[in-house]
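Everything on this sheet refers to the single structure shown next.
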Amino acid sequence: MRRDPGRLSGTRYHGFEGASRCPLISQRFIGAGDALPRHRRGKRGEVTPQQTGLVLDDAGYKATIGGKDLGLTAVEYQLLKVLVSQPGRIYSRDQLMDAMYRDERVVSDRTVDSHVKKIRKKISDVLPEREIIHSVYGVGYKYEWT
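Quick note: the sequence shown uses the numbering used here, first residue 961, plus one each step.
Okay, structure coming up:
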């Protein structure tokens, strides 16, 4: 992928690619309910697929929360899919751009910020009391169902 020539080039991380290439079932459940008792959570409080609120359908590039479609574009869906593949992991803008755009188009790293803003808005329309995509100042973004 070509970068905007006016943008400074930083360290490149490619560890996320394994997560995006792992085989996925057609629907993937992500998230957790706050009201779930501790004994229903996984070990050390980890979230299990049965406790999810977010469903990703790879076949239709469709994301739903509580059965309500978020109406994501294909690029927004891909970005969300990468973030939720490893909850708590911080992804740089470069990593997210590589996951969203696999062709040779020239994009600014602020494009990721724009897509994240749109995804957050769509999530807040369905789930106003929860923010699941968190900014990590100077680094990038992470997904946490808190």
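Where is the CB? At the ideal position from N, CA and C, for every residue including glycine.
Unbroken alpha helix (DSSP H) run spanning residue i, endpoints
{"i": "V1066", "result": "Looking at the DSSP string, V1066 is not in any alpha helix (DSSP H), and its letter there is neither H nor E."}
{"i": "R1053", "result": "1053 to 1060"}
Residue i classed as buried or exposed, judged by whether at least 16 other C-beta atoms fall within 10 angstroms
{"i": "R1053", "result": "buried"}
{"i": "S1045", "result": "buried"}
{"i": "G1031", "result": "exposed"}
{"i": "A1059", "result": "buried"}
{"i": "Y1097", "result": "exposed"}
Opening and closing residue of the beta strand (DSSP E) in which residue i lies
{"i": "V1015", "result": "1014 to 1017"}
{"i": "V1042", "result": "Run containing V1042: none in the beta strand (DSSP E); it sits in the alpha helix (DSSP H), 1034 to 1045."}
{"i": "I1025", "result": "1022 to 1025"}
{"i": "I1093", "result": "1093 to 1096"}
{"i": "G1031", "result": "Unbroken run through G1031: none, as it is neither H nor E."}
Contacting residues, own chain, Cβ-Cβ under 7 Å from residue i (five flanking each side not counted)
{"i": "R1037", "result": "In the sequence on display, residue 1037 carries Tyr and not Arg. So the qualifying residues of the chain are Y1021, A1023."}
{"i": "Y1103", "result": "L1043, V1044, P1047, I1092, I1093"}
{"i": "S1095", "result": "Y1101"}
Close beta carbons around residue i, own chain, < 8 Å, minus the five adjacent residues each side
{"i": "S986", "result": "Reliability of the predicted coordinates at S986 is poor, the pLDDT of 38 falling under 50, and no value is obtained from them."}
Coil, strand or helix - residue i by DSSP
{"i": "I1079", "result": "helix"}
{"i": "V1086", "result": "helix"}
6 Å CB neighbourhood of residue i in its chain, flanking five on each side removed
{"i": "A1034", "result": "Y1021"}
Counting Cβ pairs, one atom from each stretch, are 3 or more of them under 8 Å apart for the region 1082 to 1089 and the region 1018 to 1027? yes
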